[in-house]
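> Residue numbers (the working numbering): 5 to 582.
(1) Between residue 388 and residue 366, what straight-line distance do the alpha-carbon atoms span, to the nearest angstrom?
(2) Quick test of your reading: residue 225 and residue 253, contact by CB under 8 Å. State the CB separation rounded to the nearest angstrom.
(3) Counting Cβ pairs closer than 8 Å, one from the region 189-209 and one from the region 123-130, do we hit at least three?
(4) Do residue 175 and residue 148 have their C-beta atoms within less than 8 Å of each other?
(5) Three-state secondary structure (DSSP) at residue 492?
(6) Which residues in the same chain have their Cβ closer than 8 Å to the Cβ of residue 194, if we skip the five residues on either side of it in sequence?
(7) Measuring only the C-alpha atoms, how far is residue 66 from residue 123?
(8) Can you give me the C-alpha to C-alpha distance between residue 198 and residue 353, rounded to a whole angstrom?
(9) Starting from the N-terminal side, write out each stretch of the beta strand (DSSP E) that is 3 residues or longer and does not extend beyond the region 209-280.
(10) Which of helix, strand or coil does DSSP assign to residue 87?
(11) Using alpha carbons as the reference points, say which of 157, 111 and 104 lies closest to residue 4.
(12) For the beta strand (DSSP E) that contains residue 353, what are its first and last residues?
(13) Between the Cα of residue 301 and those of 355, 351, 289 and 280, spot the shortest distance and give me the residue it belongs to.
(14) Among 376, 116 and 492, whose alpha-carbon lies nearest the alpha-carbon of residue 89?
(15) Is residue 408 near residue 380, with beta carbons less than 8 Å apart?
(16) Going by beta-carbon coordinates alone, are residue 332 and residue 340 separated by less than 8 Å?
(17) For residue 502, does the three-state DSSP call read helix, strand or coil?
(18) DSSP beta-bridge partners for residue 342?
(19) Assign residue 260 to one of two classes, buried (16 or more other C-beta atoms within 10 Å of its C-beta) or exposed (fewer than that).
(20) How far does the beta strand (DSSP E) with residue 130 in it reach, from first residue to last?
(21) Within 8 Å (strictly less), CB to CB, does residue 71 reach chain D?
(22) In whole angstroms, what separates the C-alpha of residue 504 from that of residue 481?
(23) Return the first residue and the last residue of the beta strand (DSSP E) that residue 322 is part of.
(24) If residue 144 sits next to residue 101, beta carbons under 8 Å apart, how far is it from one beta carbon to the other, in whole angstroms?
(25) Do you know offhand how far residue 509's Cα is from residue 496's?
(26) State the CB to CB distance for the pair residue 206 and residue 185, rounded to an integer number of angstroms; the pair is presumed to be in contact (CB under 8 Å).
(27) CB-CB under 6 Å to residue 216, same chain, minus the five flanking residues each way: which ones, in chain order?
(28) Might you give, ordered along the chain, the residues of its own chain that have their beta carbon closer than 7 Å to the beta carbon of residue 237, omitting 5 neighbours on each side?
(29) Could you give the DSSP three-state label for residue 172: helix, strand or coil?
(30) Could you say which of 118, 141 and 132 lies nearest to residue 150 if we only look at CA atoms?
(31) How would you write the range of the beta strand (DSSP E) that residue 120 sits in, first residue to last?
(32) Where do the ends of the beta strand (DSSP E) carrying residue 396 lie?
(33) From the DSSP output, which residues share a beta bridge with residue 74?
(34) Rounded to the nearest angstrom, what separates residue 506 and residue 268 at their Cα positions?
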């Protein structure tokens with residue numbers, strides 16, 4: 005279950021520049037801080053734009069000359085409508101705008117999207133409230149936009165009876181054509197396909213410091229709370245809302261990611277239909293060029309189809325520095341971070357505390373893995389499923405998969421005969437799996453409710469039929485927690501990546517690639533005496549799911565380019581499997 009009070013905020017905190025103030029990423033963003041700025045030891049200062057004085061008047065009655073230095077002044081909804089007369093000009097709001105009259109425009113069709121906007125719109129901190137559209141297709145403030153939109157709040161109710169629904173732009177003029185900064189969007193968006201608050205499809209160049217809180221609905225593909233598909237750069241955004249329907253390619257931030265999403269927080273409640281697949285808390289699909297880093301994920305991700313993940317449904321790109329504290333429910337290929345990961349996918353510096361439930365191929369980190377690289381990751385989740393259910397990976401179907409410095413403290417409850425504390429099932433040849441002695445995996449958890457064939461970490465390692473390249477250590481919980489862990493797990497980088505806390509397992513502490521330092525420091529509150537006190541209670545061994553088995557730590561300081569864990573082994577030379 006998702007904790008109501010973000011109980012694990014300590015694992016995604018950032019430390020202010022030298023002032024010893026511990027705050028979460030989400031709180032920092034709400035306060036107007038850039039995560040990159042925190043990493044550089046500086047403070048982000050919000051840049052409010054002073055109102056500019058107009059110097060001339062257009063024949064249409066708008067003050068200003070339409071230049072960047074002297075933009076046309078927008079004061080009313082009628083002024084906003086005049087933008088279509090000069091779509092290449094520069095505009096600025098001079099007051100809040102009541103757009104609720106648009107609900108009755110054109111016999112209830114509402115606002116007519118401006119066809120091709122190529123100028124700029126600066127809201128100067130003002131709001132457009134109640135924009136309404138209910139039309140056949142391509143519905144938004146702008147139908148097409150090669151523009152800059154900034155410093156504005158828009159509340160809207162957008163319905164596209166066909167394709168492309170958004171608040172700002174239904175589509176773009178070309179690659180990298182839309183820049184959106186310091187924008188707040190709220191309301192409802194509904195469309196047959198391609199739905200997102202900023203834009204319905206690719207073409208965004210930059211999105212920075214935006215706040216999105218919308219409800220989206222679609223019965224087809226490419227749906228996200230920010231964009232249906234994305235190929236630009238997004239930084240320091242707070243995203244929340246809900247998505248419903250039967251669509252495929254659905255994400256809490258974007259439906260499909262082919263760009264970079266960095267330093268964002270998303271709280272999404274996603275509830276899709278029985279045939280929906282490629283569904284994730286951040287992105288439904290993270291393509292080969294896609295990078296998701298330093299992102300917090302909360303909420304619920306539910307879909308009746310396959311490839312369902314706490315962060316990503318299907319991953320071919322890079323996931324780095326992601327923290328997932330969500331509830332994930334799916335059918336097949338269901339994972340705490342990603343439902344499906346295939347080479348050249350990379351998962352680095354990731355932590356999953358997601359509660360994961362599925363029918364088959366269900367994992368605390370990855371549902372099904374085909375040769376991804378997993379480095380410095382922690383799976384701390386209860387995992388429930390049927391066939392091929394594992395604390396780390398449900399189904400491992402390639403002997404080229406690499407696991408580097410992975411901590412698994414998960415509980416596994418399976419109704420089938422292939423389940424494991426680390427790996428639920430493998431389907432490939434046993435040869436050549438142990439190759440890199442610098443790799444380590446640590447396991448402490450329970451495997452319960454299984455009838456039939458079930459292994460232990462030791463049983464599965466023995467089954468490797470290999471020449472030993474290292475040793476496996478069985479550690480008690482006390483030997484694997486707190487400061488003691490640093491001596492017993494020397495392969496983990498405790499200097500710059502991993503951290504320790506009293507009574508808890510090692511945690512991924514540093515997100516070095518984006519500079520989010522102290523990502524796992526405890527959150528603190530002042531008590532009545534003014535002293536700081538730690539508020540989190542560590543998750544107990546086994547992830548808190550009851551089991552009659554004793555909890556025994558397994559830490560393996562050798563490399564495994566393939567199976568590492570326990571469960572059912574089906575030795576198919578060609579990989580095979582589901």
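Cβ atoms here follow ideal geometry from the backbone N, Cα and C, with glycine treated the same way. All values reported here derive from a predicted model rather than from experimental measurement.
Straight from the coordinates:
(1) Translated into the one-based positions of the chain shown, residue 388 becomes position 384. Translated into the one-based positions of the chain shown, residue 366 becomes position 362. Cα-Cα distance, rounded: 7 Å.
(2) Taking the chain shown and counting its residues from 1, the one referred to as residue 225 is at position 221. Taking the chain shown and counting its residues from 1, the one referred to as residue 253 is at position 249. Sure, about 5 Å apart at Cβ, within 8 Å.
(3) no
(4) Sequence index remark: in the chain shown, residue 175 carries index 171 (1-based). Sequence index remark: in the chain shown, residue 148 carries index 144 (1-based). Going by C-beta atoms, residue 175 is nearer than 8 Å to residue 148.
(5) One-based indexing of the chain shown puts residue 492 at position 488. In this structure, residue 492 counts as helix in the three-state DSSP scheme.
(6) Working through the chain shown from its first residue, we reach residue 194 at position 190. Correct list, in chain order: 162, 163, 164, 169, 220, 221 and 222.
(7) In the chain shown, counting from the first residue as 1, residue 66 sits at position 62. In the chain shown, counting from the first residue as 1, residue 123 sits at position 119. Their Cα atoms are separated by approximately 16 Å.
(8) Walking along the chain shown from the start, residue 198 turns up at place 194. Walking along the chain shown from the start, residue 353 turns up at place 349. Answer to the nearest angstrom: the Cα atoms are 31 Å apart.
(9) 215-222, 225-228, 231-234, 237-239, 242-249, 252-255, 258-261 and 264-276
(10) As a working mapping, residue 87 is identified with position 83 in the chain shown. It is helical.
(11) Look at the range of the chain in this structure, 5 to 582, and you will see that residue 4 is not part of it.
(12) Taking the first residue of the chain shown as 1, we reach residue 353 at position 349. Residue 353 -> beta strand (DSSP E) spans 350-356.
(13) Start at 1 with the first residue of the chain shown, and residue 301 comes out as number 297. The shortest Cα separation from residue 301 among 355, 351, 289 and 280 belongs to 355.
(14) One-based indexing of the chain shown puts residue 89 at position 85. The shortest C-alpha separation from residue 89 is found at 116.
(15) For this step, residue 408 is matched to residue 404 along the chain shown. For this step, residue 380 is matched to residue 376 along the chain shown. A contact, by the Cβ cut-off of 8 Å.
(16) Residue numbering aside, residue 332 sits at position 328 when the chain shown is read from its first letter. Residue numbering aside, residue 340 sits at position 336 when the chain shown is read from its first letter. The answer is yes: Cβ separation under 8 Å.
(17) Counting from one through the chain shown, the residue named residue 502 turns up at place 498. It is a strand residue.
(18) If you number the chain shown from 1, residue 342 lands on position 338. Answer is 316 and 370.
(19) As a first step, residue 260 must be located in the chain shown, where it is residue number 256. That one is buried.
(20) Looking up residue 130 in the chain shown gives position 126. From DSSP, residue 130 is part of no beta strand (DSSP E); its letter is neither H nor E.
(21) Looking at the structure shown, chain D is missing, and only one protein chain is on hand.
(22) Within the chain shown, numbered from 1, the residue matching residue 504 stands at position 500. Within the chain shown, numbered from 1, the residue matching residue 481 stands at position 477. Each residue's alpha carbon lies about 14 Å from the other.
(23) Mapped onto the chain shown, residue 322 falls at position 318. Note, residue 322: beta strand (DSSP E), 322-333.
(24) Your numbering for residue 144 matches position 140 in the chain shown. Your numbering for residue 101 matches position 97 in the chain shown. Rounded, the Cβ-Cβ distance is 16 Å, inconsistent with contact.
(25) Mapped onto the chain shown, residue 509 falls at position 505. Mapped onto the chain shown, residue 496 falls at position 492. Roughly 12 Å between the two C-alpha positions.
(26) Start at 1 with the first residue of the chain shown, and residue 206 comes out as number 202. Start at 1 with the first residue of the chain shown, and residue 185 comes out as number 181. With 8 Å as the limit, residue 206 and residue 185 do not qualify as a contact, their Cβ atoms being about 19 Å apart.
(27) As a working note, residue 216 is residue 212 in the chain shown. Only 189, 201, 229, 230 and 243 meet the Cβ criterion.
(28) For the purposes of this step, residue 237 is identified with residue 233 of the chain shown, where counting begins at 1. For residue 237, where only same-chain residues beyond five positions count, the Cβ hits under 7 Å are 210, 263 and 264.
(29) Indexing the chain shown from 1 puts residue 172 at position 168. Three-state result, residue 172: coil.
(30) As a working note, residue 150 is residue 146 in the chain shown. Closest by alpha carbon: 118.
(31) Within the chain shown, residue 120 is the residue found at index 116, counting from 1. Residues 118-121.
(32) Indexing the chain shown from 1 puts residue 396 at position 392. Neither: residue 396 is in no beta strand (DSSP E) and is coded neither H nor E.
(33) Working through the chain shown from its first residue, we reach residue 74 at position 70. In DSSP, residue 74 forms no bridge with anything.
(34) Your numbering for residue 506 matches position 502 in the chain shown. Your numbering for residue 268 matches position 264 in the chain shown. Distance between the alpha carbons of residue 506 and residue 268: 29 Å.
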